[in-house]
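In the numbering used here, the protein residues as written are 42 to 138.
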């Protein structure tokens with residue numbers, strides 16, 4: 042996640058604005074085999090968002106076989122459904138929540 046120190050440093054150098062971090066959806070892409078199990082069968086397949094600029098590279102949470110760093114929780118093929126989704130049920134999505 043984006044820590045307060047990283048966020049404040051980026052704000053200070055004007056590399057990021059508060060508005061650019063409102064929607065973090067694209068920082069947590071679901072593995073395609075989980076999002077579209079009837080269409081995608083190859084775990085290395087991923088989609089990219091056309092109108093998304095990755096502002097904070099450390100905040101990208103690719104999981105399963107798409108995670109380049111091995112031996113972490115994110116390289117678990119079930120991280121998105123087993124860890125991420127249950128935690129997100131406690132939060133609301135929106136600009137002003």
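Note that the Cβ used here is the ideal one computed from N, Cα and C, for glycine as well.
Beta carbon of residue i nearer than 8 Å to that of residue j
| i | j | result |
| --- | --- | --- |
| residue 100 | residue 132 | no |
| residue 87 | residue 107 | yes |
For residue i, three-class secondary structure by DSSP
| i | result |
| --- | --- |
| residue 96 | coil |
| residue 66 | helix |
| residue 9 | There is simply no residue 9 to check, as the chain begins at 42 and stops at 138 in what is shown. |
Rounded separation between residue i and residue j - CA only
| i | j | result |
| --- | --- | --- |
| residue 76 | residue 109 | 20 Å |
| residue 79 | residue 98 | 31 Å |
| residue 105 | residue 81 | 14 Å |
| residue 95 | residue 112 | 24 Å |
| residue 130 | residue 91 | 27 Å |
| residue 70 | residue 118 | 13 Å |
| residue 124 | residue 89 | 22 Å |
Nearest neighbour of residue i, chosen from the options [CA to CA]
| i | options | result |
| --- | --- | --- |
| residue 102 | 130, 91, 115 | 115 |
| residue 65 | 93, 89, 73 | 93 |
| field | Complete runs of the alpha helix (DSSP H) confined to the segment 106 to 138 [at least 4 residues] | value | Considered as a whole, the segment 106 to 138 harbours 126 to 129 as its complete alpha helix (DSSP H) runs of no fewer than 4 residues, in chain order.
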